[in-house]
Amino acid sequence: ALRIVLAHLAWPWVLEAVALALKYPNIFLDTSALYLDNPRDFLAFAMAQQVPLTVWERSLRHQLVFGSNYPRVEIKNMAAAVRALGLSPGCLDLVFRRNAARLLGLE
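The sequence shown begins at 107 in this note's numbering and counts up by one.
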């Protein structure tokens, strides 16, 4: 089946992208974004203020994949920003590993 990745959380259309992903399970969003001073501030804004964190955790946990925007952002810095959001360990495992494997057809 066709899988679509909306890079950078589809910034600045995060709300619209979330609505699409909620309707279509083949749409994925990645965390590779940096449009504020640092990745932690951007992800806190886009993934916790614009869209409640519970939406990611409960409804989109299988459609969110890690992306760093390297070389603009060091991978370790983006990973730390994603971890700082407060997602559950199970959701983080999906974001950092399992969702990408499924997206790429490796699972």
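For each residue, glycine too, the CB sits at the ideal point set by N, CA and C.
- A Cβ-Cβ separation of about 16 Å leaves valine 161 out of contact with valine 188 under the 8 Å criterion.
- Around the C-beta of alanine 190, fewer than 16 other C-beta atoms lie within 10 Å, and the residue is accordingly described as exposed.
- Taking each of Arg203, Arg204, Ala116, Gly192 in turn and checking the Cα distance to proline 158, the smallest one comes out for Gly192.
- Annotated three-state conformation of valine 157 is coil, per DSSP.
- Boundaries around leucine 135 are those of the beta strand (DSSP E), 133-136, since no alpha helix (DSSP H) includes it.
- Here the alpha carbons of glycine 211 and methionine 184 stand approximately 24 Å from one another.
- Here the C-alpha atom of isoleucine 181 lies approximately 22 Å from the C-alpha atom of isoleucine 110.
- Nearest Cα to leucine 108 within the set Ala127, Gln155, Asn132: Asn132.
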